[in-house]
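What follows is a single structure, written as structure tokens, with notes after it.
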Amino acid sequence: MTATEDQSAGEYAVPTPEEIGISYDEFADFYRLINSDVGFHIGMWAGSATDDGLSSVYDLSNKAQTRVVEYCIDALKLKPTDHFLDLGCGAGAPTVQIAETTGAKATGVNVSKVQLEEATGRAEAAGLSDRVKFEYGNAMELAYADETFDAIVAIDLFPHLSDRPLGFREAYRVLKPGGTLLLSEFTYRGEAPEEQFRAFLETFEGQPPAPPEQSIQWASEAGFELVWADRKTKDVALSTEVMYFLYVDRHAEITERYGEEVVGGLDYVMPLVRAYMRDHLGYYYFLVQKPE
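According to numbering that gives the first Met the number 0, the residues represented by the sequence shown are 0 to 291, in order.
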């Protein structure tokens, strides 16, 4: 069963990769203000015992984003001789942290030129320019030869793709035999009020969420074998509430940055997006492998 059989996007205009990049160029500061300066992903809120010194909600959100990176490191099990691809790398903080921790070589791909510039500066500041690079690229049309990478990480990237099966096929193509793809995916969790559904699609410039078994089917059709699936839906609700809290708390700063007209529109859609994500959106991580 596909997402369109559950709740249809109807006349929703699917954004192109170029349009998504322009949007992230414009709203990178907004995402940083309402989420984290580590990354703009669904955070991981299962607490470690090492949260001493966290004094604000924003500190907690940064910690939740750091746990995402630690989760990726544990899942991918990269070696210093490996070369991994970060699809939808954002401003590069997770890419740099993974490379720094594992010793692996990294290539980050993004459609936001503003974020790519920041990511390149981040790698330079960390002294990793010799083995961490960032490039403009479309995950559905990768500019790399077959069997280039040992692993791929794609956190919150696949929900943006207009052709997710093609995204899986491209990932399969550029992975070496035995290589793994770690991805996260928004999943369908019951039909929502149409106004909420539209607000979510247009704000996140994504596709209608599909049931988790659909993602597994797309991966299988591309040639991948499922290693495991990990349900993280509770993290969506927590991340949503934190993002909304920070939006309200930093409303004056957001208004100063983007102006009253833009923020007036955000004031309308943010409660709708909050309700949709909290009540109707699932979330999974999948680890899939290209057979040897």
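Glycine residues also receive a C-beta, built at the ideal position from the N, C-alpha and C atoms.
* To do: With DSSP as the reference, label E123 as helix, strand or coil.
  => It is helical.
* Considering only the beta carbon of each residue, do A92 and G38 sit closer than 8 Å? -> yes
* Asked: Looking only at C-alpha atoms, which of C88, L84 and T101 sits nearest to D69?
  -> For the sequence presented, residue 69 should be read as Glu rather than Asp. Ranking the options by Cα distance to E69, first place goes to T101.
* **Local Cβ density within 10 Å of V89, reported as buried at 16 or more and exposed below that** => For the record, residue 89 in the displayed sequence is Gly; it is not Val. Answer is buried; the Cβ neighbour count reaches 16.
* To do: Can you tell me which of the three DSSP states F223 falls into?
  => DSSP, reduced to helix, strand and coil, places F223 outside both helices and strands of the structure shown, so it counts as coil.
* Ordered along the chain, which non-local residues of its own chain (more than five positions away) have a Cβ less than 6 Å from that of F167? -> W217, A218 and A221
* To do: List the endpoints of the continuous alpha helix (DSSP H) containing G94.
  => Reading off the sequence, residue 94 comes out as Thr, not Gly. That run of the alpha helix (DSSP H) goes A92 to T101.
* Asked: Is the beta carbon of V235 sitting closer than 8 Å to the one on M276?
  -> Contact: yes.
* Between which two residues does the beta strand (DSSP E) carrying G42 extend? -> Counting along the chain, G42 falls outside any beta strand (DSSP E), and DSSP gives it neither H nor E.
* **Euclidean distance between Cα positions of P262 and V247** => The sequence shown places Val at residue 262, not Pro. Each residue's alpha carbon lies about 11 Å from the other.
* Asked: Any idea which residues DSSP pairs N109 with across the strands?
  -> Y135
* Going by other Cβ atoms of all chains shown within 10 Å of its Cβ, with 16 needed for buried, is Y282 buried or exposed? -> buried
* **heavy atom of the ligand FAD below 7 Å from G87 C-beta** => Among the components of this structure there are no ligands whatsoever, and the ligand FAD is therefore not found.
* First through last residue of the beta strand (DSSP E) which encompasses Q64 -> Here Q64 belongs to no beta strand (DSSP E); instead the alpha helix (DSSP H) covers V56 to L75.
* Asked: According to the Cβ coordinates, are A63 and T94 closer than 8 Å?
  -> no
* Asked: Can you pull the DSSP bridge partners for S183?
  -> Y284
* Using 8 Å as the Cβ pair cut-off and three pairs as the minimum, do the region 141–154 and the region 194–208 touch? -> no
* Proximity to T186 [Cα-Cα], best of A125, D278 and A124 -> Looking at the Cα atoms, D278 is the closest of the given residues.
* To do: Please classify D85: is it buried, with 16 or more other beta-carbons within 10 angstroms of its beta-carbon, or exposed?
  => buried
* Asked: Of the residues V226, P207 and F29, which one's Cα is nearest the Cα of I215?
  -> It is V226 whose Cα lies nearest to the Cα of I215.
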